[in-house]
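Engineer:
Protein chains: 4
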Amino acid sequence: MMNATADTLTMLRAINATAAFNRWCGFEVQHAAPGEVELAMAWKPEAGQYAGFLHAGVVGALIDTACGYAAATQLGARVLASHFAVNCIRPAVGERFVAKAKVVRAGKQQVFTHCELYAHASGEAKLVATGETLLCVVEAEPAAAKN
Amino acid sequence: MMNATADTLTMLRAINATAAFNRWCGFEVQHAAPGEVELAMAWKPEAGQYAGFLHAGVVGALIDTACGYAAATQLGARVLASHFAVNCIRPAVGERFVAKAKVVRAGKQQVFTHCELYAHASGEAKLVATGETLLCVVEAEPAAAKN
Amino acid sequence: MMNATADTLTMLRAINATAAFNRWCGFEVQHAAPGEVELAMAWKPEAGQYAGFLHAGVVGALIDTACGYAAATQLGARVLASHFAVNCIRPAVGERFVAKAKVVRAGKQQVFTHCELYAHASGEAKLVATGETLLCVVEAEPAAAKN
Amino acid sequence: MMNATADTLTMLRAINATAAFNRWCGFEVQHAAPGEVELAMAWKPEAGQYAGFLHAGVVGALIDTACGYAAATQLGARVLASHFAVNCIRPAVGERFVAKAKVVRAGKQQVFTHCELYAHASGEAKLVATGETLLCVVEAEPAAAKN
Chain A
1 MMNATADTLT
11 MLRAINATAA
21 FNRWCGFEVQ
31 HAAPGEVELA
41 MAWKPEAGQY
51 AGFLHAGVVG
61 ALIDTACGYA
71 AATQLGARVL
81 ASHFAVNCIR
91 PAVGERFVAK
101 AKVVRAGKQQ
111 VFTHCELYAH
121 ASGEAKLVAT
131 GETLLCVVEA
141 EPAAAKN
Chain B
1001 MMNATADTLT
1011 MLRAINATAA
1021 FNRWCGFEVQ
1031 HAAPGEVELA
1041 MAWKPEAGQY
1051 AGFLHAGVVG
1061 ALIDTACGYA
1071 AATQLGARVL
1081 ASHFAVNCIR
1091 PAVGERFVAK
1101 AKVVRAGKQQ
1111 VFTHCELYAH
1121 ASGEAKLVAT
1131 GETLLCVVEA
1141 EPAAAKN
Chain C
2001 MMNATADTLT
2011 MLRAINATAA
2021 FNRWCGFEVQ
2031 HAAPGEVELA
2041 MAWKPEAGQY
2051 AGFLHAGVVG
2061 ALIDTACGYA
2071 AATQLGARVL
2081 ASHFAVNCIR
2091 PAVGERFVAK
2101 AKVVRAGKQQ
2111 VFTHCELYAH
2121 ASGEAKLVAT
2131 GETLLCVVEA
2141 EPAAAKN
Chain D
3001 MMNATADTLT
3011 MLRAINATAA
3021 FNRWCGFEVQ
3031 HAAPGEVELA
3041 MAWKPEAGQY
3051 AGFLHAGVVG
3061 ALIDTACGYA
3071 AATQLGARVL
3081 ASHFAVNCIR
3091 PAVGERFVAK
3101 AKVVRAGKQQ
3111 VFTHCELYAH
3121 ASGEAKLVAT
3131 GETLLCVVEA
3141 EPAAAKN
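What follows is the structure, encoded as structure tokens:
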């Protein structure tokens, strides 16, 4: 028998598997709890910018996706990103990237989330980006929900 | 003999060709003038989120990259994105996407840019996202420049 | 008989007059049209930071208020700011400041706006800040609307 | 003999006293440590918007100022705000407001900061806003520093 957390993880992994770009990136939901998600990705050269760092777009994709999933732990797939912002605080260089997102406030119409992105290399984790996503709560329309 | 605009376009296309993720996305620099760039991408299913819209991460990649190139028309490759933000104003659905970026202000230490992203379909263009990037001017280090 | 634009201007001036901080700052709604507003303020030393520039908080107040009023030209007082962002692109020095805000997209649940802030001095206007506000459309609750 | 923390507090209070708008608002630096600041303000009706909440501009002023002071604990007055963003997550209603800012990353050219704003009322503190400021490190020009 699965508990609520296992159910949430299963739901997020199912959503994650249906998104073509998430599959291409190799996003994995590695942890989920109410209002909290960890989304990981192994480095792949095709996701790099010209200096060989993780492309800012992929940094943004990790942050926005992790934030959306954090919101979904509380509201299911009824959330849509309106705005997201990314701070590039260090070069995104690593073997593996982990985005840790959490819900700051879930209201009736909106969800505020925050995220930290860590690059793991040689057994060390370094904060390389922070970001946030503001999501809008929509009526149940699974087909139009979280990107 | 090439003029300045043609030179700029050539420089940006060369930078664009060296970034693995830009190649995977199929980014094309279709226009460049001092302080202005248009970056285009044809829809590809692998870049979609689960409802089949362009993934917010790819929307962010188009905006951040176009803004970086707009800054590069004035400062060359000596710019690094510090912060970018994206407003998702309509579902990003289309056959082709065009990011139109411009420099709002290029200072000695920082460059402020703004971008509009249009989705083209059936001969019509619709504004689907807006965004901005704040870039830091760095000493000439081509290898560490624009992500 | 007043036309729609004059009515809008009257409505915004009435809202503006009820906000204590707007009165203290001396905000004046100097222009309004559907989706567009100009909000002005004369320099006053009490609104300065330590170097004698307009304080970033007052810059933000001008931008956020002008954006809210631009949204109100289309939706009345049923809008609430969720998020606002400000780019400080030049020192905010001038005799008079004018925030020009416009609606980028008014949806059913959200309104996206953008704003430019100009400093006027010696007959010249200079762009000193840009910004944006994302507003949430709420059910008619005049008492809880735009701050 | 004063220790480093007391010196920092003294420096920030001196800066704070020179800013006319900070004095008008009644900003008080109530705590400072390396990379961390708490800035407080008692509610005053003149700082309200029309529904009697703290005006979003003053919310932004508290956040931007606290972030600037957090940066100054590490870099002195050689920092200038480039960009700040505010999330209005609950109505800013209270007897006293406390902005808790911290440095996320202080680089050579830029400082990334984050802030939480709490409203205190009836012995309880509630998170009413979050925000962030990106600051630029400038050459020692005290007169042009933090706004």
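Protein chains in written order, with my numbering: chain A, 1 to 147; chain B, 1001 to 1147; chain C, 2001 to 2147; chain D, 3001 to 3147. Where is the CB? At the ideal position from N, CA and C, for every residue including glycine.
(1) Is the Cβ of C2115 (chain C) closer than 8 Å to any Cβ of chain A?
(2) In chain D, which residues lie with their C-beta within 7 Å of the C-beta of F21 (chain A)?
(3) Taking 7 Å as the cut-off, does the CB of A3077 (chain D) come closer than this to any heavy atom belonging to the ligand FMN?
(4) List the DSSP bridge partners of H1114 (chain B).
(5) Quick check on the burial criterion: 16 or more other C-beta atoms within 10 angstroms. Buried or exposed for R3023 (chain D)?
(6) Please list the residues of the region 21 to 49 of chain A that have a C-beta atom closer than 7 Å to any C-beta atom in chain B, keeping them in chain order.
(7) Buried or exposed: T3005 (chain D), going by 16 or more other Cβ atoms within 10 Å of its Cβ?
(8) Could you tell me the distance, in whole angstroms, from the CA atom of A2119 (chain C) to the CA atom of S122 (chain A)?
(9) For the region 2009 to 2058 of chain C, list the alpha helix (DSSP H) runs that are entirely contained and at least 4 residues long, ordered along the chain.
(10) Tell me which residues of the region 56 to 71 of chain A have at least one Cβ-Cβ distance to chain F shorter than 9 Å, keeping chain order.
(11) Report the neighbours of S82 (chain A) on chain B: residues whose CB is nearer than 9 Å to its CB, in chain order.
(12) Express the C-alpha separation of M3011 (chain D) and Q49 (chain A) in angstroms, rounding to a whole number.
(13) Can you name, in chain order, every residue of its own chain whose Cβ lies under 7 Å from the Cβ of A3092 (chain D), other than the five neighbours on each side?
(14) Measuring alpha carbon to alpha carbon, tell me which residue in B:Y1069, B:L1134 and B:E1116 is nearest G1107 (chain B).
(15) Taking only beta-carbon positions, decide if T18 (chain A) is within less than 8 Å of chain B.
(16) Decide if the region 31 to 40 of chain A is in contact with the region 1062 to 1079 of chain B; the criterion is three or more beta carbon pairs, one per stretch, under 8 Å apart.
(17) Taking 7 Å as the limit between beta carbons, can you name the residues of its chain near N2016 (chain C), skipping five residues before and five after?
(18) Would you verify that the beta carbon of F112 (chain A) is, or is not, closer than 8 Å to some beta carbon of chain D?
(19) Out of D:P3034, D:A3020 and D:A3056, which has the shortest C-alpha to C-alpha gap to L2080 (chain C)?
(20) So for A1993 (chain C), helix, strand or coil by DSSP?
(21) Answer yes or no: does any C-beta atom of chain B fall closer than 8 Å to that of A3129 (chain D)?
(22) What residues are listed by DSSP as bridge partners for A1081 (chain B)?
(23) With DSSP as the reference, identify every bridge partner of A148 (chain A), one or two as the case may be.
(24) Apart from the five residues just before and just after L3075 (chain D), which ones in its own chain have a Cβ nearer than 7 Å to its Cβ?
(25) Could you tell me whether the Cβ of V2137 (chain C) comes closer than 8 Å to any Cβ of chain B?
(26) V1104 (chain B) touches chain C at which residues, Cβ-Cβ below 7 Å?
(27) Taking just the CA atoms, how far does K1100 (chain B) sit from A1085 (chain B)?
(28) Tell whether a beta-carbon distance below 8 Å holds between G1035 (chain B) and K1126 (chain B).
(29) With distance defined between alpha-carbon atoms, name the residue in C:A2047, C:H2083, C:Q2109 and C:E2139 nearest to G2094 (chain C).
(30) Of all the CB atoms in chain A, is at least one closer than 8 Å to the CB of L3054 (chain D)?
(31) Quick check: the Cα distance between V2104 (chain C) and A19 (chain A), rounded to an integer number of angstroms?
(32) Please list, in chain order, all residues of the same chain as A32 (chain A) whose beta carbon is under 8 Å from its beta carbon, the five residues on each side excluded.
Structural biologist: Reading off the structure:
(1) no
(2) F21 (chain A) does not reach chain D, its nearest Cβ partner there being about 26 Å away, counting only Cβ pairs nearer than 7 Å.
(3) The ligand FMN is not part of this structure, which contains no ligands at all.
(4) B:K1102 and B:E1132
(5) exposed
(6) Under the 7 Å Cβ criterion, the region 21 to 49 of chain A contributes F21, W24, P45, E46, A47, G48 and Q49.
(7) exposed
(8) When rounded, the distance between both Cα atoms is 51 Å.
(9) Listed in chain order, they are 2020 to 2025.
(10) This model lacks chain F altogether, as its protein chains are A, B, C and D.
(11) N1087, C1088 and I1089
(12) Spanning the two alpha carbons is a distance of roughly 43 Å.
(13) F3053, L3054, V3059, A3119, V3128 and A3129
(14) Minimum Cα distance to G1107 (chain B) is reached at B:L1134.
(15) yes
(16) no
(17) N2022, F2027 and V2029
(18) yes
(19) Comparing Cα positions, the closest option is D:A3056.
(20) Since the first residue of chain C shown is 2001 and the last is 2147, residue 1993 (chain C) is not available in this structure.
(21) no
(22) B:L1135
(23) Residue 148 (chain A) is absent from the structure shown; chain A starts at 1 and stops at 147.
(24) Take L3075 (chain D), set aside five residues on each side of it, and the residues of its chain with a beta-carbon closer than 7 Å to its own are A3106, V3111 and V3137, in chain order.
(25) Not one chain B Cβ lies under 8 Å of V2137 (chain C).
(26) I2089 and T2130
(27) 15 Å
(28) no
(29) C:A2047
(30) no
(31) 29 Å
(32) T5, T8, L9, L12, E38, Y69 and T73
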